[in-house]
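Read in order, the letters of the sequence shown correspond to residues 1 to 49 in full-length UniProt numbering.
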Amino acid sequence: MDKYKTHEFGRCPRVYCYGQPCLPVGESDIPRSSTVKIYCPTCEDIYSP
Numbered sequence: 001m002d003k004y005k006t007h008e009f010g011r012c013p014r015v016y017c018y019g020q021p022c023l024p025v026g027e028s029d030i031p032r033s034s035t036v037k038i039y040c041p042t043c044e045d046i047y048s049p
């Protein structure tokens with residue numbers, strides 16, 4: 001939770017989310033099958049960092 005509060009995973013790129021902290025998400029359970037994305041809980045979108 002500390003990393004989320006200190007914005008270590010980045011912020012949402014959308015203007016209307018006002019710099020909402022994002023969370024890291026994986027698209028697959030298989031290791032090394034895809035890269036990590038970031039999820040914004042405000043707009044509920046997934047972005048590539």
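Glycine included, every Cβ here is placed at the ideal spot set by N, Cα and C.
Run of the alpha helix (DSSP H) containing residue i, from where it starts to where it stops
i, result
"residue 2", "2 to 5"
Cα-Cα separation between residue i and residue j, rounded to whole angstroms
i, j, result
"residue 16", "residue 36", "23 Å"
"residue 113", "residue 26", "Because the chain here runs from 1 to 49, residue 113 falls outside it and cannot be looked at."
"residue 18", "residue 42", "9 Å"
"residue 6", "residue 38", "15 Å"
"residue 40", "residue 4", "11 Å"
Residue range of the beta strand (DSSP E) that includes residue i
i, result
"residue 38", "37 to 40"
"residue 24", "23 to 25"
"residue 47", "45 to 47"
Burial state of residue i, where buried means 16 or more other Cβ atoms lie within 10 Å
i, result
"residue 21", "buried"
Option in the options with minimal Cα separation from residue i
i, options, result
"residue 47", "1, 8, 14, 2", "14"
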